[in-house]
Amino acid sequence: MRSRTVQGSVAIAATASLALAACGGAGGPQSGGSSKLTDDKVVIGLLNDQSGVYKDLSGPNSKTAIELAIEDYKAKYGDKAVANTIEVVTADHQNKADIANSKAQEMYDRQKADIILDVPNSAAALAVATQAKNKKKLYINIGAGTTALTGASCNRYTFHWAYNTAVLARGTAGTITKEGGTSWNIVYPDYAFGQDMNKSFTKEVTGAGGSVGESIASPFPSDNFATFITKAGEGNPKVVGSMHAGGDLINFVKQFNQSPLKGKVQLAVGLMFITDIHSLGVDQFAGTQFTDAWYWNFDEQNKKWADRFKQKTNTRPSFAHAANYSAAMNYLEAVQTAGTDDADKVVGTLEGKKINDVFLRNGEIRKADHAVTHDVYLAKVKSSAPEEWDYEQIVKTIPAAEAYGEANPACSMS
Amino acid sequence: MSEFIQYTLQGLAAGGFYALSALGLAVIFGVLGVVNFSHGACYMLGAVISAVLLAELHVGFWVALLVVPILMYGFGVLMERLLVRWLLALDPLYNFLLTFGLTLILVEAVKQRYGVSGLPYEIPAGLGGQVTIGSVNLSVYAIFACVFSVVVCVGVGLALTRTRIGMIVRAATEAPERTRALGINVGRWVTPVFGFGIALAGLAGVLAAPTRAITAEMGSNFIIVLFAVVVIGGLGSILGAVVAGFLVGLVEAYGIAYAPTYAQIVIFVLMALVVLVRPSGLFGREEIA
Amino acid sequence: MSEQMTGKVDVDLAQPSVLSRRGPLRYVMLLGGLAVAVLLPYWIYPPVAMDILCWGLFAISVDLLLGFTGLLSFGHAAFWGGSAYCTGLIATHWGVPFPVAVLGGAVFSMVIAWPIGYLSVRRTGIYFAMVTLAFAQMLYFIANQARALTGGENGLQGIPKSFFAIEPVETDSFYFYYVGAALILLGVLLAWRVVNSPFGRVLTAVRDNPARARALGYDVERYKIKAFVISAGLAGLAGGVFAISHQFASLQELMWTTSGKVVLVTVLGGIGTLWGGLAGAGVVVSLEDYLASSGFEGIGLITGTIFVLIVLLFRHGIWGTGRNVLRRYVLDRRRRTRD
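Residue numbers (my numbering), protein chains in the order written: chain A, 1 to 414; chain B, 1001 to 1289; chain C, 2001 to 2339.
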């Protein structure tokens, strides 16, 4: 029915490269399991925001993280353990879902990517999940927080490696409430992410025995929060929760610090990254509590990796960099175990795998919804930074089971 | 009641800021007939420059308040001489489009140089903390920003009505042909006025630095709100821009307080209503519309 | 200096073609254009080629207003995005073949365009731009709020590409391109018909001298509204195909930046040239696509600079500049043969 040859130049180019690859492959006597690879090489596609708001969080430095993974992998198993070449291709989706979508197709089809990594921005993340399902190729999301990736939009080829909004709520809301922050007012940006965060936080606060007095919706985006902060102070809550992200969060915190609530009420933040603290300055955030998926100065193992990362990039890694490293490393090992880069077989070896590495502690790739569960951390912003990027004090490790709960019931793996 | 007063004060504080930001836009449109899309980017530049001055040269807020507008004036003069000038004779749409392209360049350039996560800035000493009267409280900085904005707006207003230069500029705005017929070289004032408008945008940026996230994108949505402000006030009307600034600040604050879900859209509803009922805006002259 | 203050109108307006109506050169050009459309997915990755055509028609819809009616809409994202969501909802819930869904989306755009047009066309120039922007912002806000329908910022995901169970079209973007392209070309043809009809002449008359058109008995407002609704329908057609091609609709489609981008594409192609929209889209979309994998981080620097240069130096745009060169050549030759 379907004739590939019509695709003219595409098909010719592909055949030519296959032929070339076959010749080259025959030359090397011990090219590991590469005979079972589709094109004698493993191609990892990194698709993220390299020019917009997530540039510092993951961006171009994620490529360095992936290259570190390849380096370590080769050092551990030999240069040609899985393939003669392991290639990284990158693209900048500019936070536009349509570009993410086209680039993902192009990576899978033309650049022969075996896997796509990262993809922050939830609309872009979900668009790529659809492509992974269409093309039957692997996709590990790191940068996006939407639970839809392991819920309604979950599929056999999509994994969610680092965090999601529900985890943040359980970590921050649950822990703070149990430690005495029992009465809350929440301010959330009025769009899907904010509404979800508000719902999960309210659920976790009440679940832990606390109460939420008021949930206040604020427009998104906004740069004037004075009125919301006044409202949030009504009824003398112990904790004010801000569910804002990025620039809005910085606006909120700056204005919170100028309000009478500063010093009287604890500020808890739904979604915050180390890059936010870096941009606003540690003193502005001092004392703020939030959930982090990973922190570079948590223990020796993390620190050692962060030092290597710093050598190459001159900056400290965010959780996303570590997660990209971990995902790339585990993917390569899975290909090696499966002896092929055939996506279905690799998925088979990944599912249910238990992992402990620099990023994942007590990690497990949950078979039911492809969430990668692992320990997360309740962090408190230090009042001053001993060195640049040393901003967080880990208050508590939240065990994987507590942070991730049950598998997402909205997910039906098809 | 105290709640209402609280929201009113907050609305006025925000309004003062809107008024100052829109002022430059109105001045430029009034005299040159240019809708400066890059006003938001210039506002951003003002904030970024103050952050850079603080971080790299340890130049504080008060000095920045003086230095940044001067720098931005220079930038405005360059912009007018090199770019805007060549399109003044054409349909205003062309300068609208030119400044739109310029915005893309400025935003991207700042992103390249200073990253995307934003720059830190602190509340200037002496302006931290709050003032509380009864159950009403406002941050000292918000009061300062509002008072400062009003002073600048009044100053610009006085300069326009009480000085010779102001008179010429006003005459040039209202009746360019007749002004010229009277032997006044209107063209001479075009460049300084444009620079002045850009300086005002930069000043608004400095004022925003202590309370807002300083990122390359900070002007991108702000400019849309500013457009709404000047359209409500009447394009080209300086008084209109100031009044509409306060009006929008108040409407927004009440919207947030009493109808938070719709807070985002009230400004645009207000704008659509004003334009439908009074096409040239509250204080605009009919022929511009 | 005197001309600086007069605000003279000098948009590069639509001009009648210098080529004879049924001359051979015109057919050669039409055939050439068709050939390009057919061969495009061989040169360019098919989904990107599809994007070029969608943005091309979108720009043509803006040009129909800007170049031929003299109205700059800065809120056309409302119709592109409105249709994208509507198309997606129809395709998802009713499972109809996608061209039907796309037509549904285009009709939806026309329906919302009517009241918006009715309220905005009484203003001209920069005011018209602002009012359309305000309406587009409202639609953005509604889509952001109505997350049960639109999925909020996650977008409407996984829109099916059903097409009479013909598998290659449904699964292979290469074959899909040709069906999508047929829909887009239908829109282009419609725009061309409108411009070259008596109705189109009235529009240009309204643009050039509204008072005179009114004096001649034309209901100026009604003509503008009609043009606005037709333009919205074309933008909707483009947005619908775009949504199906990408299998999602996101808030990005309704953002004011999308309205800005399409104006950029239109001006780049050439205001009042109609076909210029396709050329402009070809440049902008393929440039964006190229820069995305180039590792170059300052995409805005490039697009912004191009835009500034175009506005300053090549106000007739790609198509307009080309056309002027051709016109000079043809007139020159005619003069020479006459001598």
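Every residue, glycine too, gets a C-beta built ideally from N, C-alpha and C.
Quantities reported herein were computed from a predicted structural model and do not represent experimental measurements.
Item to check | Top-ranked residue by Cα proximity to L1023(B), from A1014(B), V1229(B), L1276(B) | outcome: Reading the second sequence from its first residue, position 23 is the one you call residue 1023(B). Among A1014(B), V1229(B), L1276(B), the Cα nearest to that of L1023(B) belongs to V1229(B).
Checklist entry - Is the segment 277-292 of chain A in contact with the segment 304-314 of chain A, if contact means three or more CB pairs nearer than 8 Å? => result no
Item to check | Within chain C, the residues that T90(A) reaches when beta carbons sit closer than 8 Å | outcome: Working through the first sequence from its first residue, we reach residue 90(A) at position 90. Per Cβ cutoff of 8 Å: S2293, G2295.
Item to check | Short CB-CB distance (under 8 Å) between E106(A) and chain C | outcome: Working through the first sequence from its first residue, we reach residue 106(A) at position 106. For E106(A), the answer is yes, since a Cβ of chain C falls inside 8 Å of its Cβ.
Checklist entry - Given L1270(B), which residues of its chain have a CB within under 6 Å of its CB, disregarding the five upstream and five downstream residues? => result For the purposes of this step, residue 1270(B) is identified with residue 270 of the second sequence, where counting begins at 1. Hits under 6 Å: V1251.
Item to check | Candidates E1217(B), A1253(B), P1124(B), of which the one nearest M1044(B) by Cα | outcome: Here residue 1044(B) is taken as the residue at index 44 of the second sequence, counted from 1. The residue with the shortest Cα to Cα distance from M1044(B) is E1217(B).
Item to check | Test: E1056(B) CB closer than 8 Å to a CB of chain A | outcome: The count along the second sequence starts at 1 and reaches residue 1056(B) at position 56. With 8 Å as the cut-off, E1056(B) does not count as an interface residue toward chain A.
Item to check | CA nearest to the CA of N224(A), picked from A1055(B), F1227(B), G1255(B) | outcome: As a first step, residue 224(A) is located in the first sequence; it is residue number 224 there, counting from the start. Closest by alpha carbon: G1255(B).
Checklist entry - Are the segment 2059-2074 of chain C and the segment 2186-2195 of chain C touching by the rule of at least three beta carbon pairs closer than 8 Å? => result yes
Item to check | Complete beta strand (DSSP E) runs within the segment 214-296 of chain A (minimum length 3 residues, chain order) | outcome: 239-242, 266-269, 289-292
Item to check | Rounded straight-line distance, which links the Cα of E1003(B) to that of E2297(C) | outcome: One-based indexing of the third sequence puts residue 2297(C) at position 297. One-based indexing of the second sequence puts residue 1003(B) at position 3. Going from the Cα of E2297(C) to the Cα of E1003(B) covers about 48 Å.
Next on the checklist: Only counting the same chain, and skipping five residues up and downstream in sequence, which positions put a Cβ closer than 6 Å to that of V1068(B)?
Outcome noted: For this step, residue 1068(B) is matched to residue 68 along the second sequence. Counting only Cβ-Cβ distances below 6 Å, and skipping sequence neighbours, we find G1046, I1049, S1050, G1202, V1206.
Checklist entry - Looking only at C-alpha atoms, which of V2330(C), T2266(C), Y2290(C) sits nearest to L2345(C)? => result Not covered by the structure: residue 2345(C). The range shown for chain C is 2001 to 2339.
Item to check | Identity of the residue in S326(A), Q336(A), N330(A), R366(A) nearest A415(A) by Cα | outcome: Past the boundaries of the shown model lies residue 415(A); chain A is included only from 1 to 414, so the question cannot be answered.
Next on the checklist: By the 9 Å beta-carbon criterion, what residues does the segment 2228-2239 of chain C contribute toward chain B?
Outcome noted: none
Checklist entry - Which residue from A226(A), P237(A), G233(A), N236(A) puts its Cα closest to that of D248(A)? => result Residue mapping note: residue 248(A) aligns to position 248 of the first sequence, counting from 1. For D248(A), the nearest C-alpha among the options comes from A226(A).
Next on the checklist: Considering just the uninterrupted stretch of the beta strand (DSSP E) at N164(A), what are its terminal residues?
Outcome noted: Sequence index remark: in the first sequence, residue 164(A) carries index 164 (1-based). First-last for N164(A): undefined, no H or E at that position.
Checklist entry - Between R1188(B) and L1053(B), what straight-line distance do the alpha-carbon atoms span, to the nearest angstrom? => result As a working note, residue 1188(B) is residue 188 in the second sequence. As a working note, residue 1053(B) is residue 53 in the second sequence. The alpha-carbon atoms of R1188(B) and L1053(B) are separated by roughly 32 Å.
Next on the checklist: If you reduce the DSSP assignment to three classes, tell me which class Y157(A) lands in.
Outcome noted: As a first step, residue 157(A) must be located in the first sequence, where it is residue number 157. DSSP places Y157(A) in coil when its eight states are reduced to three.
Item to check | Coarse secondary structure for L1276(B), derived from DSSP in three states | outcome: Within the second sequence, numbered from 1, the residue matching residue 1276(B) stands at position 276. In the structure shown, L1276(B) sits in a helix (DSSP, three-state: H, G or I).
Item to check | Neighbour list for G1101(B) in chain E, Cβ cutoff strictly below 7 Å | outcome: In summary, chain E is missing from the structure at hand, where the protein chains are A, B and C.
Checklist entry - What first and last residue would you give for the alpha helix (DSSP H) that runs through P2046(C)? => result Residue mapping note: residue 2046(C) aligns to position 46 of the third sequence, counting from 1. First-last of the alpha helix (DSSP H) with P2046(C): 2046-2066.
Checklist entry - Exposed or buried, I1165(B), counting other C-beta atoms within 10 Å across all chains shown (16 or more means buried)? => result Translated into positions along the second sequence, residue 1165(B) becomes position 165. So I1165(B) ends up on the exposed side.
Checklist entry - To which residues of the same chain is V1136(B) closer than 8 Å at the C-beta, ignoring the five residues directly before and after it? => result Against the second sequence, residue 1136(B) aligns to sequence position 136. Cβ neighbours of V1136(B) beyond the five flanking positions: S1002, I1005, Q1006, L1009.
Checklist entry - How many Å lie between T1163(B) and V1063(B) at the Cα? => result Start at 1 with the first residue of the second sequence, and residue 1163(B) comes out as number 163. Start at 1 with the first residue of the second sequence, and residue 1063(B) comes out as number 63. When rounded, the distance between both Cα atoms is 27 Å.
Checklist entry - With a cut-off of 8 Å, does the C-beta of E2221(C) fall near any C-beta of chain A? => result Numbered from its first residue, the third sequence carries residue 2221(C) at position 221. With 8 Å as the cut-off, E2221(C) does not count as an interface residue toward chain A.
Checklist entry - Is K178(A) helix, strand or coil when you go by DSSP? => result As a position in the first sequence, residue 178(A) is number 178, starting the count at 1. Note: K178(A) maps to helix in three-state DSSP.
Next on the checklist: In chain order, what are the residue ranges of uninterrupted beta strand (DSSP E) at least 3 long that sit wholly in the segment 307-360 of chain A?
Outcome noted: none
Checklist entry - With a cut-off of 8 Å, does the C-beta of L2119(C) fall near any C-beta of chain B? => result Working through the third sequence from its first residue, we reach residue 2119(C) at position 119. Closer than 8 Å: yes.
Checklist entry - When you compare only the Cα positions, how much space is there between L1078(B) and A1241(B)? => result Numbered from 1 along the second sequence, position 78 holds the residue referred to as residue 1078(B). Numbered from 1 along the second sequence, position 241 holds the residue referred to as residue 1241(B). Roughly 25 Å separates the two Cα atoms.
Checklist entry - Under 8 Å between C-beta atoms, does S215(A) make it to chain C? => result Taking the first sequence and counting its residues from 1, one reaches residue 215(A) at position 215. False, the Cβ-Cβ gap to chain C never drops below 8 Å.
Checklist entry - Just how far apart, CA to CA, sit S1280(B) and I2126(C)? => result Here residue 1280(B) corresponds to residue number 280 of the second sequence, with the count starting at 1. Here residue 2126(C) corresponds to residue number 126 of the third sequence, with the count starting at 1. Cα to Cα, S1280(B) sits roughly 11 Å from I2126(C).
Item to check | P2047(C): contacting residues in chain A (beta-carbon distance under 8 Å) | outcome: The count along the third sequence starts at 1 and reaches residue 2047(C) at position 47. Neighbours of P2047(C) on chain A, chain order: N101, S102, Q105, E106.
Item to check | alpha helix (DSSP H) segments (min. 4 residues) lying fully within the segment 1062-1130 of chain B | outcome: 1092-1114
Checklist entry - How do the segment 345-360 of chain A and the segment 260-272 of chain A stand: do at least 3 beta-carbon pairs fall below 8 Å, yes or no? => result no
Item to check | Span separating the alpha-carbon of P2210(C) from that of L2278(C) | outcome: On the third sequence, position 210 is the one that residue 2210(C) refers to. On the third sequence, position 278 is the one that residue 2278(C) refers to. Cα to Cα, P2210(C) sits roughly 29 Å from L2278(C).
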